[in-house]
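The numbering of the sequence shown is the numbering used here, which starts it at 1 and goes up by one. Since the structure comes first, as structure tokens, the remarks are kept for the end.
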Amino acid sequence: LAHLSLPPPRRAPLRLLVMRLTLAAAALVSAYDNGAPHSRTPPLGWSSWVALAPDADHPIFDFCDEAAVRHAIDAYHTVGLYDAGYRHFHLDDCWAGGRDSKGFLYPEKRHFPNGMKAVVDYAHSKNLTFGLYTCAGTEVCVGGRPGSKDHWENDAQVFASWGVDWVKMDWCNTDGMQPAETYPLMSKAMNKTGRNMHFNMCEWGKDDPWTWGPDVAQSWRMAGDHTGNWASTKKVIGESAAIPAENTGKPYGWNDMDMLETG
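So, in structure tokens, the structure goes:
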């Protein structure tokens, strides 16, 4: 039989290969990755909201102190959350005491006599990522504590000095403000500190944060608060399912369905 002469294999032009590699790299880095720990995947953790109390008492609404937070950090390991892969420990609204003469936040002194850094250091000693709460408005949502409005750099600096890894910023008392204009202010201030902190926006899905959030934060609430009943759970799931497929999450950019309350 005569030998068949086959044409040489076709090769893509080098410039086309470079273009494809460049586009692939752009897709990988398009999300908001500033080096914050445990942010590539949806954060697995525990929130303190309505869960703390002095000593062994039943949880008290809007309460926290150093002893209760330390006990919760210890329990994180005791109940098996750490072994199951959970790493985030988040202290929600309850802690702020006021601002000093230079405009920096400080924790409630009676409840945190050793300051907030001592608590954060304890969480780090247990290999946990520590999250802290603030609010974009003039005051937080409960208790009349100071919000971060017009104190973006002060608050970002003090969070960084305490060693905070994750910051949630709520959306109460924000009359006349717009989420897409406000959240970038805190995002920029946080990155300016040089500490890698995860930014969680909590404007309850008000302005479709999944469309603009990836430029300024790693996660954002996509709906209102979840409560411990099936009707609330079903509602949040339904609202999450209604988000366009292209906005349902990617590495370093996640829709936050709120903490799962049980009861």
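From the three backbone atoms N, C-alpha and C, an ideal C-beta is built for every residue, glycine too.
Chain-order list of residues whose beta-carbon lies under 6 Å from that of residue i (same chain, five-residue window excluded)
i, result
"residue 47", "90, 92, 259"
"residue 249", "255"
"residue 158", "104, 105"
"residue 23", "With a pLDDT of 39 at residue 23, under the threshold of 50, the modelled position of that residue is not reliable, and no figure is offered here."
"residue 200", "168, 219"
"residue 156", "189, 190, 193"
Rounded straight-line distance, which links the Cα of residue j to that of residue i
i, j, result
"residue 40", "residue 143", "33 Å"
"residue 55", "residue 262", "22 Å"
"residue 247", "residue 211", "7 Å"
"residue 96", "residue 116", "10 Å"
"residue 98", "residue 82", "33 Å"
"residue 45", "residue 86", "5 Å"
"residue 137", "residue 80", "36 Å"
"residue 189", "residue 134", "14 Å"
"residue 151", "residue 181", "15 Å"
"residue 70", "residue 244", "40 Å"
"residue 265", "residue 60", "Residue numbering for the chain in the displayed model covers 1 to 263; residue 265 lies beyond these limits and cannot be assessed."
"residue 100", "residue 145", "13 Å"
"residue 14", "residue 251", "Low confidence applies here, because residue 14 scores a pLDDT of 49, under 50, leaving its location unreliable; read the following figure in that light. Cα-Cα distance, rounded: 29 Å."
"residue 52", "residue 237", "27 Å"
"residue 65", "residue 235", "33 Å"
"residue 28", "residue 179", "Because the pLDDT at residue 28 is just 43, under 50, the model does not fix this residue reliably, and the point stays unresolved."
"residue 74", "residue 223", "31 Å"
"residue 162", "residue 109", "15 Å"
"residue 34", "residue 42", "15 Å"
"residue 207", "residue 221", "11 Å"
"residue 253", "residue 171", "19 Å"
"residue 25", "residue 32", "With a pLDDT of 40 at residue 25, under the threshold of 50, the predicted position of this residue should be treated as unreliable, and no value is reported."
"residue 118", "residue 124", "10 Å"
"residue 184", "residue 205", "16 Å"
"residue 131", "residue 68", "16 Å"
is_contact[residue i, chain B] using C-beta, thresh 8 Å
i, result
"residue 64", "The displayed structure is made up of one protein chain only, and chain B is not part of it."
Alpha helix (DSSP H) segment containing residue i, residue limits
i, result
"residue 191", "179-192"
"residue 70", "66-78"
"residue 122", "115-125"
"residue 153", "152-162"
7 Å Cβ shell around residue i - same chain, five flanking residues per side excluded
i, result
"residue 225", "258"
"residue 278", "As shown, the chain starts at 1 and ends at 263. That puts residue 278 outside it, with no answer to give."
"residue 120", "130, 162, 163, 164"
"residue 232", "226"
Residue(s) in a DSSP beta bridge with residue i
i, result
"residue 89", "46, 130"
"residue 141", "Residue 141 is not bridged to any residue."
"residue 146", "139"
8 Å CB neighbourhood of residue i in its chain, flanking five on each side removed
i, result
"residue 18", "Because the pLDDT of residue 18 is 47, which lies under 50, any placement of that residue in the model is unreliable, and the number read from its coordinates should be weighed accordingly. Within the same chain, residue 18 has no close Cβ partners at all."
"residue 37", "87, 129, 165, 196, 198"
Residue range of the unbroken beta strand (DSSP E) whose run includes residue i
i, result
"residue 169", "166-170"
"residue 269", "Since the displayed the chain opens at 1 and closes at 263, residue 269 lies outside it and no answer follows."
"residue 200", "198-201"
"residue 106", "105-107"
Next item on the list: At 4 residues or longer, and completely inside the segment 204-262: list those alpha helix (DSSP H) runs for me, N to C.
Entry: The qualifying runs are 209-212, 230-241.
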